[in-house]
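Taking the numbering used here as reference, the numbering of the sequence shown is continuous, increasing by one, and the terminal residue is 312.
So the structure is just underneath, and the comments pick up after that.
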Amino acid sequence: MWPIEMSLVDITKMFSMFQPTEEEGNGEISQLNQAISNDDDKLLAELLSQERYRRFINSRSGWGVPGTPLRLAASMGHLKCLEVLLVHGAEVDSLDVKAQTPLFTAVSGKHLDCVQALLRAGANPNGSIYNNSSPLLIAAREGDVEILKELLDHGAEVNVRCKMPNWAYNPCACSGPLYLALVYGHFDCFRLLLLYGANPDFNSTEERLLSRIKSPKTALEMCFKYGCGTEYVQLLIDFGANLYLPDLSASKNIKQNEVLKLLDRARAQPRCLMSLSRITIRKYLKQASGLHSIDQLNIPPILKDYVKHHLS
């Protein structure tokens with residue numbers, strides 16, 4: 001879990017990292033950055049074979065958002081240069097002045113191959129604790145389902161939310177990836193997040209946060225608000241959303257007859273035993289050993305596929 005508050009020591013440490021330093025080597029740093037900008041991995045490797053260049057491999061420089069050479073390669077999508085930097089010892093989770101990691105910039109730039117290389121090198125899939133956002137939130141908002149899957153496969157927190165101080169708690173400020181995928185109409189991302197264990201009801205799993213929001217909205221209510229189709233609501237039903245939480249009678253924005261009919265039918269009869277079993281198995285596996293352990297269950301393959309939602 002992300003820390004809710006940062007201490008003065010944390011803040012001082014963070015800003016000390018971003019202070020410009022008076023050091024020789026502006027020429028060396030400039031040549032490293034130029035090689036990366038030109039996507040010249042051979043020249044970059046030749047430079048980094050020399051100690052006078054290699055000592056500046058994690059130095060921050062540049063206009064706008066000063067960052068390390070690795071951040072520059074990640075933001076431009078120059079995979080071969082990025083791999084050269086990692087081989088020569090570049091710090092994989094180095095921060096820029098916005099507390100963004102190279103992985104965060106690669107996700108923002110939609111550079112899948114760079115994202116994969118950074119994750120293989122051990123990059124934190126959740127980004128930096130000092131940044132309000134996270135790579136997963138960016139991928140969900142942009143609808144990058146391949147990048148989203150890479151992050152989730154490497155352990156990114158599926159129910160992550162924007163990090164805000166206590167006084168800023170509100171439904172919008174605390175948007176999570178499932179809500180972002182829903183609001184922006186990225187159905188494949190929406191389904192993928194549910195498959196990896198996203199909460200099908202509320203945007204956050206923190207009771208303390210929910211208690212501070214006057215009227216927390218469920219995912220079902222957000223589906224009605226933003227005009228999502230029946231496929232979104234059916235998924236929420238299948239993944240165990242509480243169908244009785246939203247007060248739909250109080251909403252004036254519901255104009256989707258088909259969606260309402262679907263929800264009314266689901267409310268009118270109890271869930272079947274197979275559906276309840278799947279929901280329960282997934283819930284306890286997620287709490288215990290993780291959803292990846294479905295394959296270790298001593299059940300027939302067809303049932304494993306059912307628990308994974310691989311069957312229609």
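For each residue, glycine too, the CB sits at the ideal point set by N, CA and C.
Keep in mind that this is a model prediction, so the values were computed, not measured.
Counted within 10 angstroms of its Cβ, other Cβ atoms place residue i as buried (16 or more) or exposed
i	result
Lys163	buried
Met274	exposed
Val107	buried
Ser289	exposed
Ala268	exposed
Ser94	buried
Gln34	exposed
Asp247	exposed
Glu150	buried
Cys272	exposed
Asp264	exposed
Thr218	buried
Leu235	buried
Val233	buried
Thr280	exposed
Val87	exposed
Gly325	This structure leaves residue 325 out entirely; the chain is present only between 1 and 312.
Arg52	exposed
Leu72	buried
Arg282	buried
Glu46	exposed
Gly240	buried
Arg161	buried
Ser175	buried
Arg55	exposed
Simplified DSSP state of residue i, which is helix, strand or coil
i	result
Ser275	helix
Ser293	helix
Gly27	helix
Ser75	helix
Ser37	helix
Thr280	helix
Cβ shell of residue i (< 6 Å), same chain only, five flanking positions each side left out
i	result
Leu291	Gly197, Leu285
Asp188	Val145
Ser318	Look at the range of the chain in this structure, 1 to 312, and you will see that residue 318 is not part of it.
Thr21	The pLDDT assigned to Thr21 is 47, lower than 50, so where the model puts this residue is not dependable; a value taken from the coordinates is nonetheless given after this. Around Thr21: no qualifying Cβ.
Glu91	Asn58
7 Å Cβ shell around residue i - same chain, five flanking residues per side excluded
i	result
Glu258	Thr230
Lys304	Ile294, Asp295, Leu297
Arg120	none
Arg141	Leu180, Tyr184
Leu262	Thr230, Val233, Gln234
Gln116	Glu150
Leu85	Ile57, Pro69, Leu70, Ala73
Start and end residues, alpha helix (DSSP H) containing residue i
i	result
Asn257	257-268
Thr319	Coverage of the chain is limited to positions 1 through 312, which leaves residue 319 absent and any answer about it impossible.
Val307	301-307
Arg60	Note, Arg60: premise wrong, no alpha helix (DSSP H); not H, not E.
Pro246	Note, Pro246: premise wrong, no alpha helix (DSSP H); not H, not E.
Phe56	That residue, Phe56, is in no alpha helix (DSSP H); it is neither H nor E in DSSP.
Phe187	187-195
Phe224	219-225
Val183	177-183
Contacts around residue i, its chain only, beta-carbon distance under 8 Å, and the 5 residues preceding and following it disregarded
i	result
Asp39	Met76, His78, Lys80, Cys81
Ala266	Ile237, Leu243
Tyr306	Met274, Arg278
Ser128	Asp93, Leu95, Ala99, Gln100, Thr101, Phe104
Asn313	Given that the chain is displayed from residue 1 to residue 312, the structure contains no residue 313 and the question cannot be resolved.
- [ ] Scan the region 77-156 and note each continuous alpha helix (DSSP H) run of 4 residues or more that stays entirely inside, going in chain order.
- [x] With a minimum length of 4 residues, the continuous alpha helix (DSSP H) runs that stay inside the region 77-156 are 79-87, 102-108, 112-120, 135-142, 145-153.
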